[in-house]
Amino acid sequence: LTLVVLPILGAVPDSMIILFSGMGDDAQEKLNVGVGALAGSTVMLLTIPWFLVILFGRVDLDENGRGSYKSKNKNVNFPGLYPLMSTGINVTGG
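Residue numbering for the sequence shown follows our numbering, starting at 268 and increasing by one per position.
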């Protein structure tokens, strides 16, 4: 059920933006603005969660630069006090 409902709920607002932006006298100009807004919102909705996962998913790095996921990070402060050079993430190919 979730595999069907969530994509539909995500597509309805997008299709309404394009539909209503294409109405009126200068439909081509309005449609360009609607599609541009849709592309911009999609980029934003992909970028914000990616940034938050990278920011709050960091762990302490060992001397080889690999993440030490076994111990909890002692520096659980907001990023202003979170050392950027001694923390990071590991990326594994899949």
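Built from N, CA and C at the ideal position, the CB exists for glycine as well.
Reduced DSSP category for aspartate 327 - H, G, I as helix; E, B as strand; rest coil: strand
Contacting residues, own chain, Cβ-Cβ under 6 Å from alanine 278 (five flanking each side not counted): none
For threonine 354, the three-state DSSP class (helix, strand or coil): strand
Cut-off 7 Å between Cβ atoms - residues of its own chain near tyrosine 336, not counting five sequence neighbours on either side: Val326
Neighbourhood of leucine 298 by C-beta, 8 Å cutoff - its chain only, sequence neighbours within 5 removed: Ile285, Ser288, Gly289
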